[in-house]
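Data first, discussion second: the structure below is written as structure tokens.
Protein chains: 2
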Amino acid sequence: MSQSEQFTHHFADRLNQAIIQKQTPLVVGLDPRINQLPSPLTVDNPGDLTQVAIAYSTFCCEIIDVVADLVPAVKPQAAFFEQIGPLGMAALAEVVDYATAQGLQVIMDAKRGDIGSTATAYASAFLGRKPQSSWGCDALTVNPYMGEDTLQPFVNAANTTGSGIFVLVKTSNPGSHTIQEKRVDDQPIYSLVAKHVEQLSANHVGETGYGNTGAVVGATYPEQLSELRTAMPHTLFLIPGFGAQGGTAKDVAGGLDENGLGGIINSSRAIIFAHELPQYSAATSWQAAVEQATRDTIDKLADGTTASKLR
Amino acid sequence: MSQSEQFTHHFADRLNQAIIQKQTPLVVGLDPRINQLPSPLTVDNPGDLTQVAIAYSTFCCEIIDVVADLVPAVKPQAAFFEQIGPLGMAALAEVVDYATAQGLQVIMDAKRGDIGSTATAYASAFLGRKPQSSWGCDALTVNPYMGEDTLQPFVNAANTTGSGIFVLVKTSNPGSHTIQEKRVDDQPIYSLVAKHVEQLSANHVGETGYGNTGAVVGATYPEQLSELRTAMPHTLFLIPGFGAQGGTAKDVAGGLDENGLGGIINSSRAIIFAHELPQYSAATSWQAAVEQATRDTIDKLADGTTASKLR
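Taken in order, these protein sequences are the chains called A and B. Mapping of the first sequence onto my numbering: residues 6 to 316, in sequence order. Mapping of the second sequence onto my numbering: residues 6 to 316, in sequence order.
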């Protein structure tokens, strides 16, 4: 195997390579919502799930057309596709295929988690290229509540297929205190999870210094983000909560390393529904609004974080 | 609304009614696995996902034909369907529809969980009858790691649609110690989750004394099961880990109340793949093996638990 083949076969290297190429850690979240689709894609009858699924697929693929040259990755949110049933899941598969064909990394945000052979089934569903996996994603978000043994099948699949996982560590919502902030032996639960994730990542580091087991750490907790960046030097971060959820560039700055790598920052609603925002009302089309919002977000991140080093 | 209509509109009442009618708390888990399908359904080419999806749907629907008169509910495991992609999800929808048509309660084991509007999307995907929801299930398993605010959309949907949720509290796998057993203020995390679940359930109790927010508590931890049964008097338990995972009737006994209600006990592999077991090798067909394994499991539960009171 040549060095360049090895490079592209490790998820963290592939992602970092894409970040360097696109000069930004911004990830666009694909969260289609029926009531917010731009007018050319408005669905007359929300009960007609065939029509809704076509609209979702079209909407996401058109966004991909706009952002494919601008960002390293997209993050489809499985829930919004699952919401409309099997037709939605077929649309989700189309979106994954299309994003992959456009050279984007695809991070499936499905927050799966289960025991033993069931976790193996989820892992083989999502992780790796087709036909190795049915959905063919580059990475998957995973929930750690059931324990270390339930993460292992995902880690094994990631190692084998050159894909990655992002384990929920400290999420962006207010209720993340319920379990994640509870203190055990003077450290919060999220730190315990973080230590395990860092160990898993350190066990399988690529050429760019990061492993394939990442962590989800919310932009809405900037102190914890900086603290975890230091504590988890081999771990890629997926950082939600930027933009519509209230996180600013300053808030996410601590999630990146000194070269602007090590983290990807997700924005969903503030980009994909830019047509609803007053500052983009002059855009000539909803796609033009998406493009402008993407460029503006990239600039904001470059102004406020080490993402500036990527330019 | 008449009393009987009210009765059937609360998930716990509907489930308890079905348990009383079938005289057993046994739930059959639908976990199709390509390498274990009985010979009439063997798939020649595992890469032909259309063929696999048809085999999974046929396998599960034939099991439903066998068990519909014997048990109150089935529990499809979403992972095994998701493993084969969108065609698998279409097969899953067929299985849910078929089980519902045969009068079974359908508990979707998908362990979903996410924040705010994303949780609402998952809830509206699964909870409630069609077309109110796209999948039309009676209940859904839910992961609490992201916090209390992430459970609320599921609770709201359950209240509105007469469906239920089962929140992961203490799972059946060895790694459940990683987070669930960690002690905070001298009580384990699973007890904190259990208290919140009991409160949610107590807020929406049906005529049979149980609420619509249930708990997943593994059969492999019998002491915790008994302790939680006492601490959670309004909470339905979904008890996995019986049978193939090692739990015995004695182990699950503490999960039921004095009338044999309050809990459902899942068995998947030991029933649906009974054709592989030596004790059923004399069965005239794989379906006959499933029927005999179901009847034997029902008898074991009646012998070793208060499920005897249902007869």
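Beta carbons: idealized from backbone N, C-alpha and C, even for Gly. Note that this is a predicted model, so its numbers are computed, not measured.
Item, Value
"Length of the line joining the Cα atoms of A:S7 and A:E212", "Only weak support is given to the placement of A:S7: the predicted model assigns it a pLDDT of 41, under 50, and the question is left unresolved by the model."
"Burial state of A:N40 (16 or more Cβ within 10 Å)", "exposed"
"C-beta neighbour in chain B for A:Q22, strict 8 Å", "no"
"Contact set between A:Q88 and chain B, taken where Cβ atoms lie within less than 8 Å", "A126, Y127, S129, A130, S139"
"Proximity test, Cβ basis, 8 Å: B:G121 and chain A", "yes"
"Members of the stretch 185-198 of chain A that neighbour chain B once the beta carbon cut-off is set at 8 Å", "Q185, K187, R188, V189, I194, L197, V198"
"Start-to-end residues for the alpha helix (DSSP H) that takes in A:D119", "No alpha helix (DSSP H) holds A:D119; DSSP gives it neither H nor E."
"Test item: CB-CB of B:V33 and B:S272 under 8 Å", "yes"
"A:E87 classed as buried or exposed, judged by whether at least 16 other C-beta atoms fall within 10 angstroms", "buried"
"The stretch 152-173 of chain B: positions lying closer than 9 Å to chain A by Cβ", "G152, E153, D154, T155, L156, Q157, L173"
"Same chain, Cβ closer than 6 Å to A:E296, neighbours up to 5 away in sequence not counted", "V71"
"Closer than 8 Å to chain A by CB, B:Y2", "In this structure chain B extends from 6 to 316, so residue 2 of chain B is not present and cannot be described."
"Whether B:H280 touches B:P43 by CB criterion (8 Å)", "yes"
"Cβ-Cβ separation, A:A254 to A:D308 (assumed contact under 8 Å), whole Å", "6 Å"
"Exposed unless 16 or more other CB atoms sit within 10 angstroms - verdict on B:R3", "Given that chain B is displayed from residue 6 to residue 316, the structure contains no residue 3 of chain B and the question cannot be resolved."
"Beta carbon proximity, A:T183 to chain B, threshold 8 Å", "yes"
"A:L233: first and last residue of the uninterrupted alpha helix (DSSP H) it sits in", "227-236"
"Any 3 or more C-beta pairs closer than 8 Å across the stretch 128-142 of chain A and the stretch 184-200 of chain A", "no"
"Neighbourhood of A:G90 by C-beta distance below 8 Å, restricted to the same chain and skipping five residues each side", "L54"
"Reduced DSSP category for A:N264 - H, G, I as helix; E, B as strand; rest coil", "coil"
"Neighbour-count burial assignment, B:D49, 16 or more Cβ in a 10 Å radius", "exposed"
"With 16 other Cβ atoms within 10 Å as the buried cut-off, status of B:E99", "buried"
"Alpha-carbon spacing of B:L241 relative to A:T165, whole angstroms", "40 Å"
"Closer than 7 Å at the beta carbon, the chain A residues around B:G118", "K116, N148"
"Listed by chain order, chain B residues near A:G52 by CB distance under 7 Å", "P136"
"Beta-bridge pairing of B:K175 - partner residues as DSSP gives them", "B:V222"
"First and last residue of the uninterrupted beta strand (DSSP E) at A:I244", "242-244"
"For A:G34, the first and last residue of its enclosing beta strand (DSSP E)", "31-35"
"Separation of A:I270 from A:V222, as counted between CA atoms", "10 Å"
"Contact list for the stretch 74-107 of chain B against chain A, Cβ threshold 8 Å", "Q82, A84, F85, E87, Q88, I89, G90, P91, G93, M94, A95, L97, A98"
"DSSP state of B:R274 mapped onto helix, strand, coil", "helix"
"Three-way DSSP call (helix, strand, coil) for A:L42 in this model", "coil"
"Rounded C-alpha distance that separates B:T237 from B:F278", "First, the residue type needs correcting, since residue 237 of chain B is Met and not Thr in the sequence shown. C-alpha separation (whole angstroms): 34 Å."
"Interface flag, B:G180 vs chain A, CB-CB below 8 Å", "yes"
"Boundaries (first-last residue) of the alpha helix (DSSP H) holding A:T105", "91-106"
"Length of the line joining the Cα atoms of A:H209 and A:E203", "10 Å"
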